[in-house]
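**Q** Structure incoming, see below.
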Amino acid sequence: MGINEAQRTLCSVLWAAVLLLAIGAADGLAAPASAAATGGIEFKAEAGFNGKQKDGKWTRLRVTLTNRTERDLKGELAFTAMLSNGGYNVAYAVPAELPPGTPVVLELTVPGMAYNKVNNRLAFHTGKAPGGPTVPFTSNRPYVEAPADQATLIGVVARDPDTLNFMPILNTKGYDLNVVPIKEDDLPDRSIQLDGLDFLVLNDVPTGSWSESKREAVRAWVQRGGTLIVAGGAGYAKTAEGFADLAPVKQEGTASLKTAAALVQLAGGKTPLNLTVPVTLSAGTLAAGNVSLADGGLALAANRSYGNGQVVYAAFDPSLEPFASWTGSPDLWARLLGGSLTPVMPGTAVQAGIAPGGNMWEIDSLLNEFPSIQAPSVNVLIVFFFIYILIVAPVLYLVLRKLDRREWAWWIVPLASLASSVIIFTVGASDKSATLAHSLRIAELSGDGDGIRSAAAAVFVPGGGRVEAAFEPGVALLPFQDGRGAMGSVAANPTYQTVHDGTDETSVVWNEVPYWSVRKTWVRYDKPAQLGRFAIGTELKAGKLTVTVKNETGADLTNVGLLFNGTAFKLQNLKQGESSKTTVPLVVPNGLGGFYDYGGQLFPWPSNNGDIYARERGLLNSFMNAGQRAGAMRMPYVVGFSSDREAWFTINGKRAGTDNLTLWAQALDLYAAESGGGFVAPGTITPMLTVNKTRRYSYDPMSGRIDFGQGLLEFEFVLPAGGRASYDSLTVYGSRQLDGQLQTTVWNEKKQSWEQVDFANASSFTPADPADNYVTVNGSIRMRLETASQAGTFMPTVGLEGKGKP
0 MGINEAQRTL CSVLWAAVLL LAIGAADGLA APASAAATGG IEFKAEAGFN
50 GKQKDGKWTR LRVTLTNRTE RDLKGELAFT AMLSNGGYNV AYAVPAELPP
100 GTPVVLELTV PGMAYNKVNN RLAFHTGKAP GGPTVPFTSN RPYVEAPADQ
150 ATLIGVVARD PDTLNFMPIL NTKGYDLNVV PIKEDDLPDR SIQLDGLDFL
200 VLNDVPTGSW SESKREAVRA WVQRGGTLIV AGGAGYAKTA EGFADLAPVK
250 QEGTASLKTA AALVQLAGGK TPLNLTVPVT LSAGTLAAGN VSLADGGLAL
300 AANRSYGNGQ VVYAAFDPSL EPFASWTGSP DLWARLLGGS LTPVMPGTAV
350 QAGIAPGGNM WEIDSLLNEF PSIQAPSVNV LIVFFFIYIL IVAPVLYLVL
400 RKLDRREWAW WIVPLASLAS SVIIFTVGAS DKSATLAHSL RIAELSGDGD
450 GIRSAAAAVF VPGGGRVEAA FEPGVALLPF QDGRGAMGSV AANPTYQTVH
500 DGTDETSVVW NEVPYWSVRK TWVRYDKPAQ LGRFAIGTEL KAGKLTVTVK
550 NETGADLTNV GLLFNGTAFK LQNLKQGESS KTTVPLVVPN GLGGFYDYGG
600 QLFPWPSNNG DIYARERGLL NSFMNAGQRA GAMRMPYVVG FSSDREAWFT
650 INGKRAGTDN LTLWAQALDL YAAESGGGFV APGTITPMLT VNKTRRYSYD
700 PMSGRIDFGQ GLLEFEFVLP AGGRASYDSL TVYGSRQLDG QLQTTVWNEK
750 KQSWEQVDFA NASSFTPADP ADNYVTVNGS IRMRLETASQ AGTFMPTVGL
800 EGKGKP
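Counting from 0, one number per residue, gives the positions in the sequence shown under numbering that gives the first Met the number 0.
Right, dumping it as structure tokens:
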């Protein structure tokens, strides 16, 4: 018994020891796992604003990194994406220093697109990206997930984040609106990162305390085409403080709104608005632009153009009652925003706005046309060919017969052929032995002396290898596809192109470049530059537009032209300070959508093979048929061209002479020029859709085409200065009917009835009554399109002539 007890005791001790060893081993195994879990980098990422971004626009990628190692980390954060326009990888990298345990926020400017686990990856490199050692992330999902669409994005920076959250009600009428609340601290310091926003609303926030870089980013965004809305009320003074030079109205205290009659009329007059108590408004004087709505001597709304964009002022706070819950608020704001708010069919793909031109394929092809690289003359090659035949045939034969060495022809003829090939190659490659650069640049002028720059640059590399092109800081770069990518996944594609966004420069690096190759990139500048302007004078009379153009840019320009309603009117070459004039008919083409070959009109296609204007033609067409310029309502443009050899970027650290072709373009805003006057040029006001009672509706913003089934569409043309001018004649210009049966009517305000518009024998129609009879009390022209089955068409447009200003 004693032995058995001793054995049991010994077994118990052994089991206890085994158990302790197992626990120790488990702890030993668990410790490294825990260290691995906390020994990397934590991250969270957000594309756009509150997860909202627009496909085909530049966007912000904000990444927060927390270093969970026990040492300082220094290197680059790289975001590699497989771009949808060709399926090739591009890595975007920013420098980063990560002290242990401290969250660090990094921002990258990247192309807007739908990101998922297949098409992107994040990595932290302790050296330059890509390549070199990396520090792992603690998450096993090192990628960004973010949707993207084409909805109209309204960013709201306000005390109340629910400001304007009623706007999506308009989506029932064919719009696709999305309101995105944005915190003040979340606004970026780079205007390019605001590109995905169509509107930015400021309401009851102290903008005077914002950083100068943040305010400059908003200004530059407006200048490139954004619409800034500055709301009023008691908080208007602090809201407008940071943008006093932009706001249409200079603040001068407050006032009370005692009746909402003017607001109700502007909203369509269908929804009453009862004021139980007076509403506080901001009061002031007009500093720039035009008053679009007034109550006596008080401006309720105003707007002004700024560059390619506009600033809209409202004297009331839309987040407060009674406006916040008033069902007429969406229609009121649709009218306040005028033609800048247009319907977009949900899911419609619009041409990418990240490129300076619209047609990527066309620009890609044009960048191969290096002016510094000339093909050998055909005549020289023919002469050389006949000399070669003469030498290797009769001359060689006669010489060898004279020497009685005709058998030498077996080695002399091949040697002569080899020598001729070497000579031909040497002559042909004489201008291909050095690195060359070529660019197509666009200077889009605001009319105020500055403008927005963009470009597409190409580099010819004779030797191959690693090539780096460095630009000034603050630009966004999008390398072109180099033919080595394929749709699939980011992991399956090699990454040959990396964009480094630093404080001193922004550069793109191409790796493993074959010899005699061309590499290309888009270049988009973040800030406006002082570029000068076209000083443009206009006179509208008897259905004709006289335009005077003076070149006040910093360059001598050739092939200056006026592009208007599908027709290019050529002016003369203009050196700095010179002027030219042209008179054009105000005729709207029958069908406003589609592609316009402005380039072919300014630079006729050659009848032979010598096309010396291929670059000008292609650059102009790409620019004019891109994005917002490709819709049905097209603003006139004045354009011109210049060329130079300015070395504006470096290649492998050295300045390289660059063949630059620059397109200078400035929009001719007839709507702004006529505001408050007695003329409205046809095609200058975008109709606003107010009623959609159709079974099916779609709108293509690229072509301007509308398709709808059984029902009616009602829309309004909001006239300048609230329609307070007196008009003599109204002309309705017809839309081209594509298919189906269509009825067009116009509202006679005086008779309170709809009148038939007859396009049977002409593309325009003038109603019998005076034009003032058709102007509604809220300053607009109302029209309808109706079909009993289905119809495809383009929106009609209107033109008015009158007696002058109100």
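Even for Gly, the Cβ is constructed at its ideal location relative to N, Cα and C.
#1: Which value, in whole angstroms, describes the spacing of the CA atoms of Ala646 and Phe470?
#2: For Ala631 and Ala266, I'd like the C-alpha separation in whole angstroms.
#3: In three-state terms, what does DSSP make of Lys213?
#4: Pick from Trp332, Leu196 and Thr494: whose alpha carbon is nearest that of Ala147?
#5: Which residue marks the beginning of the beta strand (DSSP E) containing Gln665, and which one marks its end?
#6: Using the DSSP secondary-structure output, state which residues sit across from Asp294 in a beta bridge.
#7: Suppose the cutoff is 6 Å on Cβ atoms and the five residues either side in sequence are ignored; what does the same chain contact list for Ala664 look like?
#8: Where does Ser371 fall in DSSP's three states?
#9: Smallest Cα separation from Lys56: which of Val382, Ala625, Pro766 and Glu577?
#10: Using the rule of at least 16 other Cβ atoms within 10 Å of the residue's Cβ for burial, across every protein chain shown, is Val263 buried or exposed?
#11: Cβ of Tyr806 within 7 Å of Cβ of Gly462?
#12: Between Ser453, Arg704 and Asn777, which lies nearest to Asn659 when the distance is taken from Cα to Cα?
#13: For Tyr387, name the three-state secondary structure that DSSP assigns.
#14: Going along the chain, which residues of its own chain have a beta-carbon closer than 8 Å to the beta-carbon of Val774, five neighbours each way excluded?
#15: Could you name the residues of the same chain whose beta carbon sits closer than 6 Å to that of Asp330, not counting the 5 residues immediately before and after it, in chain order?
#16: Could you check the C-alpha separation between Leu562 and Asp54 for me, to the nearest Å?
#17: Taking the continuous alpha helix (DSSP H) assigned at Thr238, which residues delimit it?
#18: Is Pro472 near Val507, with beta carbons less than 7 Å apart?
#19: Is DSSP giving Ala77 helix, strand or coil here?
#20: Can you pull the DSSP bridge partners for Gly308?
#21: Could you tell me the distance, in whole angstroms, from the CA atom of Ala491 to the CA atom of Lys182?
#22: As a quick exercise: from Ala239, Ala233 and Pro370, pick the residue whose alpha carbon is nearest that of Ile611.
#23: Please classify Met359: does DSSP put it in a helix, a strand, or coil?
#24: Contact between the stretch 68 to 80 and the stretch 89 to 109 is defined here as three or more beta-carbon pairs at a separation below 8 Å; is this criterion met?
#25: Could you spell out the range, first to last residue, of the beta strand (DSSP E) harbouring Gln789?
#26: Between Ile423, Thr137, Arg405 and Val391, which has its C-alpha nearest Ala415's C-alpha?
#27: Helix, strand or coil for Lys580 per DSSP?
#28: Can you tell me whether Asp771 is helix, strand or coil according to DSSP?
#29: Among Leu619, Asn49 and Ser190, which residue has its Cα nearest to the Cα of Val179?
#30: What residue does the beta strand (DSSP E) around Pro478 start on, and which one ends it?
#31: Can you find the residues in the same chain that come closer than 6 Å, C-beta to C-beta, to Trp325, ignoring five residues on each side of it along the sequence?
#32: Is the beta carbon of Thr661 sitting closer than 7 Å to the one on Arg440?
#33: Among the candidates Phe165, Tyr732, Pro187 and Ser190, whose CA atom is the shortest distance from the CA of Phe681?
#34: Less than 8 Å between the CB atoms is what I'm expecting for Asn537 and Leu544, so what's the real figure, rounded?
#35: So, for Glu144: in the same chain, excluding its five sequence neighbours on each side, which residues have a beta-carbon less than 8 Å away from its beta-carbon?
#36: To which residues of the same chain is Gln755 closer than 7 Å at the C-beta, ignoring the five residues directly before and after it?
**A** Based on what the coordinates show:
#1: On the sequence shown, position 647 is the one that residue 646 refers to. On the sequence shown, position 471 is the one that residue 470 refers to. Cα to Cα, Ala646 sits roughly 11 Å from Phe470.
#2: Sequence index remark: in the sequence shown, residue 631 carries index 632 (1-based). Sequence index remark: in the sequence shown, residue 266 carries index 267 (1-based). Summary for Ala631: the model assigns pLDDT 39, below 50, so the residue's position carries little reliability; its value from the coordinates is reported in the next sentence. The straight-line gap from Cα to Cα measures roughly 25 Å.
#3: One-based indexing of the sequence shown puts residue 213 at position 214. In the structure shown, Lys213 sits in a helix (DSSP, three-state: H, G or I).
#4: Numbered from its first residue, the sequence shown carries residue 147 at position 148. Residue Leu196 is the option with its Cα nearest to Ala147.
#5: As a working mapping, residue 665 is identified with position 666 in the sequence shown. Counting along the chain, the beta strand (DSSP E) containing Gln665 begins and ends at Thr657 to Ala666.
#6: On the sequence shown, position 295 is the one that residue 294 refers to. Note: Asp294 sits in a beta bridge opposite Leu297.
#7: For the purposes of this step, residue 664 is taken as residue 665 along the sequence shown, with counting starting at 1. Here the set comprises Glu443, Tyr636 and Val638.
#8: One-based indexing of the sequence shown puts residue 371 at position 372. In the three-state scheme derived from DSSP, where H, G and I count as helix and E and B as strand, Ser371 is classed as coil.
#9: For this step, residue 56 is matched to residue 57 along the sequence shown. Among Val382, Ala625, Pro766 and Glu577, the Cα nearest to that of Lys56 is on Ala625.
#10: For the purposes of this step, residue 263 is identified with residue 264 of the sequence shown, where counting begins at 1. Result: buried.
#11: As displayed, the chain neither begins before 0 nor continues past 805, which places residue 806 out of reach and without an answer.
#12: Locating residue 659 in the sequence shown gives position 660, counting from the first residue. Out of Ser453, Arg704 and Asn777, the CA that lies nearest to the CA of Asn659 is found in Ser453.
#13: Taking the first residue of the sequence shown as 1, we reach residue 387 at position 388. For Tyr387, the three-state secondary structure derived from DSSP is helix.
#14: One-based indexing of the sequence shown puts residue 774 at position 775. Same-chain partners within the cutoff: Leu718, Gly722, Tyr726, Glu748 and Ile780.
#15: Indexing the sequence shown from 1 puts residue 330 at position 331. Counting only Cβ-Cβ distances below 6 Å, and skipping sequence neighbours, we find Ala266 and Gly267.
#16: Working through the sequence shown from its first residue, we reach residue 562 at position 563. Working through the sequence shown from its first residue, we reach residue 54 at position 55. Between Leu562 and Asp54, the C-alpha separation is close to 29 Å.
#17: Here residue 238 is taken as the residue at index 239 of the sequence shown, counted from 1. Element bounds for Thr238: Tyr235 to Ala239.
#18: Translated into positions along the sequence shown, residue 472 becomes position 473. Translated into positions along the sequence shown, residue 507 becomes position 508. Taking 7 Å as the Cβ cut-off, Pro472 and Val507 do not qualify as a contacting pair.
#19: Along the sequence shown, one-based indexing puts residue 77 at 78. Ala77: strand per DSSP, three-state reduction.
#20: Counting from one through the sequence shown, the residue named residue 308 turns up at place 309. According to DSSP, which records beta bridges pairwise, Gly308 is partnered with Tyr305.
#21: Counting from one through the sequence shown, the residue named residue 491 turns up at place 492. Counting from one through the sequence shown, the residue named residue 182 turns up at place 183. Their Cα atoms are separated by approximately 38 Å.
#22: Along the sequence shown, one-based indexing puts residue 611 at 612. Here the closest residue by C-alpha is Pro370.
#23: Numbered from its first residue, the sequence shown carries residue 359 at position 360. Met359: helix per DSSP, three-state reduction.
#24: Pairwise C-beta distances place the stretch 68 to 80 in contact with the stretch 89 to 109, as three or more of them are shorter than 8 Å.
#25: Counting from one through the sequence shown, the residue named residue 789 turns up at place 790. Residues Ser779 to Phe793.
#26: For the purposes of this step, residue 415 is taken as residue 416 along the sequence shown, with counting starting at 1. The candidate whose alpha carbon is nearest that of Ala415 is Val391.
#27: Residue 580 sits at position 581 when you count from the first residue of the sequence shown. If DSSP states are grouped into helix, strand and coil, Lys580 belongs with the strands.
#28: For the purposes of this step, residue 771 is taken as residue 772 along the sequence shown, with counting starting at 1. Residue state, collapsed to three classes: helix.
#29: The residue you call residue 179 lines up with position 180 of the sequence shown. Distance check between Val179 and each of Leu619, Asn49 and Ser190 places Asn49 closest, using alpha-carbon atoms only.
#30: For this step, residue 478 is matched to residue 479 along the sequence shown. Counting along the chain, the beta strand (DSSP E) containing Pro478 begins and ends at Val474 to Pro478.
#31: Position 326 of the sequence shown holds residue 325. Excluding sequence neighbours, Trp325 sits near Leu272.
#32: For the purposes of this step, residue 661 is taken as the residue at position 662 of the sequence shown. For the purposes of this step, residue 440 is taken as the residue at position 441 of the sequence shown. Their beta carbons are under 7 Å apart, which means Thr661 touches Arg440 by this criterion.
#33: Along the sequence shown, read from residue 1 onward, the residue named residue 681 stands at position 682. One detail in the question is off: residue 681 reads as Pro in this sequence, not Phe. When the alpha-carbon of Pro681 is set against those of Phe165, Tyr732, Pro187 and Ser190, the nearest one is in Tyr732.
#34: As a first step, residue 537 is located in the sequence shown; it is residue number 538 there, counting from the start. As a first step, residue 544 is located in the sequence shown; it is residue number 545 there, counting from the start. The question names Asn, yet the displayed sequence has Thr at residue 537. The pair is a contact, with the Cβ atoms about 6 Å apart (cut-off 8 Å).
#35: Locating residue 144 in the sequence shown gives position 145, where the first residue counts as 1. Cβ neighbours of Glu144 beyond the five flanking positions: Tyr114, Asn115 and Lys116.
#36: Position 756 of the sequence shown, counting from 1, holds the residue named residue 755. Here the set comprises Thr744.
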